[in-house]
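Beneath this line is the structure, given in structure tokens, with notes to follow.
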Amino acid sequence: MSALAAQPLAANLVQSVDWLAIAPPTLTAVVGLAVLIADLFVPETRKPLLGWVSVAGLAAAAALLLPLLDHDRSTFCLNGAPRACSYTADRFTLVVQFLVLGGALLTALLSLTALKDGRSRYPQGEFWFLLLSSAAGAALLPASRDLATLIVALEVASLPAFALVGIRHGDRRSSEAALKFFLSSVTATAVSLMGVSFVYVTTGSLYLTQVADRIQHVDGQLHTLAQTGVVLTLVGFAFKTAAVPFHFWVPDTYVGAPLPIASYLSVVGKAVGFSGLILVTVVAFPSYADVWGPALAVLAALTMTVGNVAALRQQATRAYSAVRLLAWSSVGQAGYLLVPIAAAGYTEDARKTVGSTVAYALMYAAVNLGAFAVAALVARTRHLNRVSDYRGLYASNPLTALLLAFFLLCLAGLPPGVIGLFAKVTVFSTAVDAGLGWLAVVMAVNVVIALYYYLQWATLLFRAPEGEPAQHALPAPLTAALALTGALGIALSGAPQLVLRFAGTGLF
Amino acid sequence: MIDISESVMQFLLALIVVGPLLGAVAALLPAPPGLKGTSPEQAVLRHGVTVTGAILLAAIVLALGFDHGHPSRMQATTDISWIPALDVRIHLGIDGISLPLVVLTALLTFLCALYSYFNMPAGPSPKAFVALLLVLESGTLATFAVLDLLLFFLAFETVLIPMYFLIARWGGEGRTRAAWRFILFTLLGSVVMLLGLLLIGIKAGTFDMVALATDNGRSLTASVQVIAVLAIGIGLAVKTPMWPLHSWLPDAHTAAPTVGSVMLAGVLLKMGTYGFVRILLPVAPDGFRTFAPYLAALAVVGIIYGSLACLNLAKRGARGDLKRLIAYSSVGHMGFVLLGIATMTPTGVNGALFANIAHGLITGLLFFLVGGLKDRTGTTDLDTLSESTGAALYGKAPRLGGLLAFAAVASLGLPGLAGFWGEMLALFGAFEPAAGLSRPAFLTFMAIAAFGTLLIAAYMLAVVRRVCMGAVPQDAPRLADVRTYEFAAWTPLVVLTVVAGLWPRALLGLTDPAVQQLLAGGTR
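So the sequences go chain by chain: V and S. Per the numbering used here, the first sequence starts with residue 6, numbered consecutively. Per the numbering used here, the second sequence starts with residue 172, numbered consecutively.
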């Protein structure tokens with residue numbers, strides 16, 4: 006608003022840009038480019054410096070969210086009435102951007118160690134450039150308020166991720182995983198694009214608010230086309246969330262990717278998916294709630310069931326079973342994330358309901374990254390990273406083992422993981438409130454299934470070690486990541502209101 | 172009895188809930204200088220005794236400061252907002268219903284800590300054992316002290332992990348399977364319960380138990396009440412346990428270490444029945460009335476089923492395990508508690524609460540005694556114990572035998588001991604159930620349950636005959652009789668069993684006004 010009022014004359018010709026509003030994603034992208042260029046001039050021995058610059062860049066970008074807290078800002082707006090903007094920094098945007106940048110920051114901390122251990126196999130400059138650009142895209146996405154920007158942001162977030170998955174030189178599994186990820190993701194985006202074009206045809210606008218307005222008065226002949234468009238648009242985002250039936254890429258990609266990238270996909274990738282879904286469903290197509298509401302409810306039920314049952318069937322002694330278990334459990338968790346979005350299709354105040362998804366995602370991001378940090382630690386000495394390798398971790402690294410047990414119980418939603426419990430309670434309450442009793446019951450059964458494998462892993466930590474326990478040395482960046490996630494988890498367990506406040510109020 | 176200012180009472184109640192949790196954290200830290208003891212193990216076990224002792228002391232002071240003139244009033248209340256987004260408040264308070272349970276929990280945990288100080292169950296480090304025991308204590312005490320539905324759920328869930336580890340790490344044969352059965356059954360029940368609690372909270376607009384009880388179900392439609400009672404009832408019934416949801420209990424009891432069995436039977440089972448009285452009766456009375464006959468029927472089936480299972484286990488040649496037998500007898504005893512609650516009358520509910528406490532005392536004592544027996548003979552198998560003539564405990568260890576006979580007789584409900592009043596009042600309640608409940612049906616239940624008391628007497632006496640009596644062979648080694656620490660751990664339970672039996676008014680005077688008010692429409 007302020008930008009418009011300030012420049013009444015030039016408004017028709019020149020778009021004024023609120024640089025502060027777009028600073029977080031922009032800074033991330035700029036630091037990414039700078040790192041890529043600096044890589045050419047930095048000698049081989051100084052390469053780790055690039056990593057620290059990236060970490061600092063991400064931290065600065067997250068800090069730039071602070072001045073935006075006071076009021077909502079919009080930029081890249083259409084002039085004249087009705088006002089429609091492409092970029093909005095409201096509460097929803099800021100929370101998701103915080104989640105994305107924080108997740109990327111923790112990923113970067115994990116990557117520092119991974120790159121140091123496997124120096125010869127990773128091209129350093131490219132790695133940091135790709136990570137930062139993907140993070141920039143992911144930070145742009147929740148702020149996008151038109152369909153074109155949404156798709157562009159989705160692609161900016163995804164394309165570097167494909168390269169990151171396959172970045173290990175001379176690793177066939179890595180490149181295979183990247184290819185699988187790439188092909189399926191591109192298909193999903195193509196479907197999404199088709200949906201967007203259908204919506205554009207029927208409404209004549211790409212701006213979410215205008216689409217929401219006009220799609221209510223679609224010509225009777227075009228009604229089916231609009232409906233198809235709505236459903237197809239959701240596909241691309243459902244894919245990123247790893248919702249069933251778009252989940253099959255998850256386990257192989259996670260195992261093939263470097264471990265920090267797997268953690269990135271499980272947290273930031275999902276944030277991209279669900280924030281896109283929220284924007285498209287609640288902001289753009291609220292009048293089609295009778296179409297996407299039931300569809301998402303079924304999707305949520307399927308996703309959590311398939312993910313949890315597959316995680317349950319993992320054998321502890323199989324190679325990479327720890328990452329596989331985390332991969333399948335992340336599919337299960339995606340199901341819980343979808344529940345409030347589905348419930349939004351059944352309630353009057355849809356924008357309030359989806360706050361539960363954001364609150365749950367914040368909890369999930371902190372504890373899941375924590376679990377991945379421990380996995381990264383163990384993988385340094387036990388390269389196969391089987392669940393059975395965690396046996397007796399308490400004997401060698403008591404604090405790490407206690408933290409992992411805490412993270413797993415948070416994911417399971419049992420005390421002492423109080424925040425996990427209450428995050429699940431908010432999700433349950435949206436389902437009960439919306440009258441989706443069956444979905445709540447399905448979720449209840451899933452919580453029990455999930456407890457079984459999480460607790461099985463947690464008990465393994467405290468068993469007597471087989472043979473000589475492997476002492477895991479803690480490098481500084483990993484310690485920082487563990488301390489950060491652990492402190493977050495414990496603080497949130499004491500004061501769940503810190504994240505749950507988003508569940509109680511409208512975010513837009 | 173003594174006048175203590177309200178703020179001190181508030182502090183005491185908060186201390187009782189939070190203290191064990193802090194103690195658990197402290198148990199994991201290395202002992203400070205000056206408190207190192209003779210070894211780290213000894214130091215941490217002593218820490219456990221100190222903390223549980225302090226909590227017991229606080230509970231006793233709380234009971235003394237409790238205004239016995241107005242037991243129906245919530246006392247020592249704290250009400251702080253915790254999670255406004257979910258409308259969760261840290262609302263603590265005790266009345267005549269919860270006070271006895273709080274004291275019982277604090278007492279049993281202290282006795283358990285004392286017992287393990289001298290007789291630590293075999294397993295990994297005592298550090299984790301003490302920490303888990305303290306978390307367990309905190310969870311159970313919180314369950315009885317909180318007045319917010321979601322907080323109740325949190326407390327209800329808190330006990331799962333410590334109990335799981337106590338069974339799985341310090342237990343006997345088949346412990347892993349038993350621990351899994353325990354946690355999966357209870358969790359499945361409690362997530363269903365959560366759905367019911369949320370339904371009530373969302374429809375009524377508050378999670379506050381006092382407000383909901385005062386409302387007495389007026390803001391909930393009949394169908395909401397029915398669904399909520401079904402969902403919450405299932406969760407509580409698994410914990411209680413009610414037939415046919417009891418199948419986790421025998422395994423858990425058989426595998427758990429002595430201390431775990433005592434806590435499980437003495438305290439954890441009470442959380443289920445307490446939930447019935449505190450939540451379902453006042454909050455959703457119409458829904459409860461719909462299910463009351465079914466609850467009573469299942470309770471009676473539980474009484475008969477548990478007794479028959481015990482009779483079968485007590486038979487010669489059945490290879491019955493004594494711990495398993497006591498576990499099945501718990502199913503029967505909890506059947507009486509559920510029958511009392513299902514009558515929806517003050518008499519029945521008072522009986523249920525009395526039986527609750529009595530069962531905690533007597534079964535806790537029984538598990539202690541059987542644990543002591545196992546330490547001496549290395550087995551709890553009835554056939555191995557009694558061989559051909561009987562284990563002749565009277566001859567080999569007269570005091571232990573005497574105590575066992577006392578506990579068995581108390582358990583079968585001999586007048587003059589604690590087991591009598593609760594079950595008799597529950598039967599009285601069934602004789603004249605609340606208005607709106609079918610009297611003929613409840614008369615039938617009463618008749619069957621009364622028959623159940625005969626069965627209980629039969630198997631308890633069979634156990635006494637096979638374990639305590641018999642001829643002492645000449646060359647048989649004498650068993651060590653009751654040791655000093657065992658006396659210390661068991662005497663309070665014996666004394667309280669006699670006191671509750673001879674002076675039931677002490678307990679009923681506390682519960683009755685609170686129950687009257689709960690049934691009439693909430694707490695003040």
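We treat Cβ as the ideally placed atom computed from N, Cα and C, and that holds for glycine. Keep in mind the model is a prediction, meaning the values are calculated, not measured.
Cβ of residue i less than 9 Å from any chain V Cβ?
| i | result |
| --- | --- |
| S:L440 | no |
| S:L369 | yes |
| S:W351 | yes |
| S:T321 | For clarity, residue 321 of chain S is Leu in the given sequence; the question names Thr instead. Yes, contact with chain V. |
| S:P648 | no |
| S:V179 | no |
| S:I354 | yes |
| S:P295 | yes |
| S:V400 | no |
| S:V232 | no |
| S:G404 | no |
| S:V259 | yes |
| S:V306 | yes |
| S:G310 | yes |
Mark residue i as exposed unless 16 or more other C-beta atoms lie within 10 angstroms of its C-beta, in which case mark it buried.
| i | result |
| --- | --- |
| V:L49 | The amino acid at residue 49 of chain V is misidentified as Leu; the sequence shows Glu. With fewer than 16 other Cβ atoms within 10 Å, it is exposed. |
| S:G511 | buried |
| S:R637 | buried |
| S:N483 | exposed |
| S:E657 | buried |
| S:D319 | buried |
Using a beta-carbon distance below 9 Å, is residue i in contact with chain S?
| i | result |
| --- | --- |
| V:T358 | no |
| V:T431 | yes |
| V:S434 | yes |
| V:P29 | no |
| V:V452 | yes |
| V:A364 | yes |
| V:G350 | no |
| V:G442 | yes |
Measure the beta-carbon distance from residue i to residue j and round it to whole angstroms, keeping in mind my assumption that it falls under 8 Å.
| i | j | result |
| --- | --- | --- |
| V:P355 | V:T214 | A quick correction: the sequence has Ala, not Pro, at residue 355 of chain V. So it is not a contact: roughly 14 Å between Cβ atoms. |
| V:L3 | V:A348 | Within the shown structure, residues of chain V are numbered from 6 to 513, placing residue 3 of chain V beyond reach of any answer. |
| V:G142 | V:A162 | 3 Å |
| S:A738 | S:L337 | Lying outside 172 to 695, the shown extent of chain S, residue 738 of chain S is not represented and no answer is given. |
| S:T411 | S:M505 | 5 Å |
| S:T311 | S:V438 | 5 Å |
| S:Y499 | S:F315 | Between S:F315 and S:Y499 the Cβ distance is about 26 Å, and since that is not below 8 Å, they are no contact. |
| V:L120 | V:V60 | 12 Å between Cβ atoms; not a contact. |
| V:L111 | V:T490 | 7 Å |
Below 9 Å on C-beta distance, what does residue i contact in chain V?
| i | result |
| --- | --- |
| S:P255 | Q502, L505, R506, G509 |
So with CB distances below 9 Å, who are the chain S contacts of residue i?
| i | result |
| --- | --- |
| V:D438 | L369, I373 |
| V:V100 | Ordered by position in chain S, no residue passes the 9 Å Cβ test against V:V100, which lies about 14 Å from the chain. |
| V:A449 | L359, V362, V363, L365, L366 |
Given that residue i touches chain V, what residues does it touch there, using C-beta distances under 7 Å?
| i | result |
| --- | --- |
| S:V520 | In chain order: nothing, as chain V lies at least about 29 Å away. |
What residues of chain S sit near residue i, judged by a beta carbon separation below 7 Å?
| i | result |
| --- | --- |
| V:A445 | L366 |
Under 8 Å from any heavy atom of the ligand COA, does the C-beta of residue i make it?
| i | result |
| --- | --- |
| S:G506 | Ligands in the displayed structure: none, and consequently the ligand COA is not present. |
Could you run through the stretch 323 to 346 of chain S and flag, in chain order, every residue whose CB is less than 7 Å away from some CB of chain V? L325, E328, T329, L331, I332, A339
Using Cβ-Cβ distances below 8 Å, what residues of the stretch 456 to 479 of chain V are close to chain S? L456, Y457, L460, T464, F467, A469
Residues in the stretch 373 to 386 of chain S with C-beta within 7 Å of chain V's C-beta atoms, listed in sequence order? From the stretch 373 to 386 of chain S, only I373 have a Cβ closer than 7 Å to chain V.
Quick one: which residues of the stretch 415 to 428 of chain V get their C-beta closer than 8 Å to a C-beta of chain S? List them in chain order. L419, P420, P421, V423, L426, F427
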